[in-house]
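Quick note: the sequence shown uses my numbering, first residue 501, plus one each step. Virtual Cβ for every residue (Gly too), placed ideally from N, Cα, C. This report concerns only the one structure given below.
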Amino acid sequence: MSKAVVAVVGRPNVGKSTLFNRIIGRREAVVENIPGVTRDRLYGIGEWNGREFTVIDTGGLADDEGDPLAARVRAQAELAIEEADAIVLVVDGTEGLTPLDQDVANDLRPAQKPVFVAVNKTEGKKGKAGIADFYALGIGELYPISATQGDGVADLLDEIVEKLPPPEQAEEFPEDVLRVALIGRPNVGKSSMLNAVLGEERVVVSPIPGTTRDTVDTYFERNGQRYVLVDTAGIRRPGKVQGSVEYYCVLRASRAIESADVAILVLNGDEGVVDGDKRVGGMAHEEGRACVIAVNKWDLMRKGYQKWTEGLAKRIRSEFTKTVRAELPFLDYAPVVFVSALLGENIDDLLDTVDDVAEAHARRVPTGELNRVIQDAVAANPRSEKGRALRVYYATMSQVKPPTVVLFVNDPQLMHFSYERYLLNKLREAFGYEGTPIRLVVRRRTKEMARE
């Protein structure tokens, strides 16, 4: 089920990012301290009156000094018109109405979507005095707020949630269907990959519109396994402002990952790993999805060699895999498959790998076996901090998809992230879990638990 989308737009320095952070509150995902996972946010999940929705922070569009200011702000409006169900236009009450505010309002006018004018920085006399100026925009209701202090934000959210479209109902698929998302930055070959997968199987039942926003869910069967491919290939270039392409990429990927069991991160083997790959791959990791890295355009990687041998192919795959591991360390559990979507090479291997990681993603380990592995790991490498030993009393698997292990200890503060990494590696050695993240939750054992 895809969430409704709220876009926060406006010229620079009016408080867009502050309002964005206020709306998502502490719901923003916390990523472990591993190099390579980007921490800047283009989107987040808000919740108000029991309704969840995706919030786009378009503030980053105004940070690229390479483009004229008006063009950057216009790109925000394009993004909002294209992707959002509701639009929040943030203006600065202390500065009053500016020509750029008027330009943004004019760009939003054709959208025929709910627009809410958030007059920010109204906590002082100067801010309150400037509110009336913005009636001249002639677009949407005015909502005086203070994004910093939170004043007026509740009233704004009440109205936004009221105007959002009803939640979309998930399509009816068989219970055992495996949902697979093709994710990646633009022009890495997601469309070709989709066609290669479906062309390989030739058993497509029907294309089923997954949402009203251009993604298409395609159902097919292979070797008795039922799949739904969540297609994010239809990312349109929103104009001449290059930076806004990234927003489309991330937003589309977030929707696909949201509903998937397995994410196939498509890389362009001819270009290597770049920041856009890290961003989208980090999203799959944060969401706890099983992941396969598909290095596409393997055919282009072979060009330039007069004599192609299996030994040479093995060496090139090994070197590129090392690059992937170095650039995407947070996805060190994800298998790497080299494919050519254009030629249909290794597509069957890719789907076999998808099956394997999906099984690992849903695999539950018996409590007895889990505790044996954890206790053996602790005994082999005890952990202490300033003379205090970490004691792990008990472990249980609280859920799967992804596998989540809860450890009950004497003091969670004694658990260093490097020791967590050590325990996770031991779990992988014992139980496999290729292609899936494992979550480790550390809790203090209570006195009641000790008595039990």
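Counted within 10 angstroms of its Cβ, other Cβ atoms place residue i as buried (16 or more) or exposed
i           : result
residue 776 : buried
residue 843 : exposed
residue 812 : exposed
residue 884 : exposed
residue 730 : buried
residue 918 : exposed
residue 655 : exposed
residue 635 : exposed
residue 771 : exposed
residue 646 : buried
residue 876 : exposed
residue 814 : exposed
residue 641 : exposed
residue 666 : exposed
residue 548 : buried
residue 789 : buried
residue 517 : buried
residue 818 : exposed
residue 943 : exposed
residue 696 : buried
residue 643 : buried
residue 872 : exposed
residue 718 : buried
Residue closest to residue i, alpha-carbon to alpha-carbon, out of the options
i           : options            : result
residue 915 : 891, 927, 902      : 891
residue 690 : 590, 589, 557, 753 : 753
residue 521 : 698, 653, 724      : 653
residue 679 : 660, 857, 875, 934 : 857
residue 888 : 913, 902, 818, 907 : 913
residue 597 : 628, 610, 612      : 628
residue 779 : 830, 762, 795, 798 : 830
residue 940 : 898, 802, 932, 931 : 898
residue 512 : 595, 549, 503, 545 : 595
residue 908 : 928, 586, 886, 870 : 870
residue 550 : 841, 797, 609, 657 : 657
residue 663 : 517, 793, 585      : 585
residue 864 : 601, 944, 648, 927 : 927
residue 816 : 827, 603, 799, 828 : 799
residue 905 : 607, 938, 922      : 938
residue 555 : 587, 581, 697      : 587
residue 934 : 839, 724, 834      : 834
residue 767 : 785, 796, 761      : 796
residue 637 : 786, 724, 599, 806 : 599
residue 859 : 932, 826, 922, 832 : 932
residue 880 : 923, 851, 850      : 923
Under 8 Å between C-beta atoms of residue i and residue j
i           : j           : result
residue 510 : residue 591 : yes
residue 764 : residue 783 : no
residue 820 : residue 781 : no
residue 903 : residue 936 : yes
residue 519 : residue 620 : yes
residue 611 : residue 553 : no
residue 792 : residue 853 : yes
residue 467 : residue 616 : Residue 467 falls outside the range modelled here, since the chain spans only 501 to 952, and no answer is possible.
residue 608 : residue 631 : no
residue 761 : residue 726 : no
residue 794 : residue 824 : no
residue 692 : residue 841 : yes
Beta-ladder partner(s) of residue i, from DSSP
i           : result
residue 888 : 885
residue 553 : 504, 546
residue 727 : 678, 720
residue 896 : 906
residue 523 : Per DSSP, none; premise fails for residue 523.
residue 592 : 620
residue 796 : 768
residue 838 : 795
residue 509 : 589
residue 683 : 765
residue 790 : 762
residue 845 : 840
Distance cut-off 7 Å: residue i Cβ against heavy atoms of the ligand PLP
i           : result
residue 599 : Of the ligands one can find in the structure shown there are none, so the ligand PLP has no counterpart to examine.
Check your understanding: Which runs of the beta strand (DSSP E) spanning at least 3 residues fall entirely within the stretch 602-675, listed in chain order?
Key -> The stretch 602-675 contains these whole beta strand (DSSP E) runs: 615-620, 641-644.
Practice item. Would you mind listing the beta strand (DSSP E) stretches within the stretch 910-950 that are 3+ residues and don't spill past its ends, in chain order? Key: As summarised for the stretch 910-950, the continuous beta strand (DSSP E) elements at least 3 residues long and confined to that stretch are 939-944, given in chain order.
**Study point:** Length at least 4, wholly inside the stretch 747-787: the alpha helix (DSSP H) runs in chain order
**Key:** Taking only runs of at least 4 residues, the alpha helix (DSSP H) segments lying wholly in the stretch 747-787 are 775-786.
Review point. Whole alpha helix (DSSP H) runs in the stretch 855-882 with 4 or more residues, listed along the chain?
Key: Counting whole runs of 4 or more residues, the stretch 855-882 contains the alpha helix (DSSP H) stretches 867-880.
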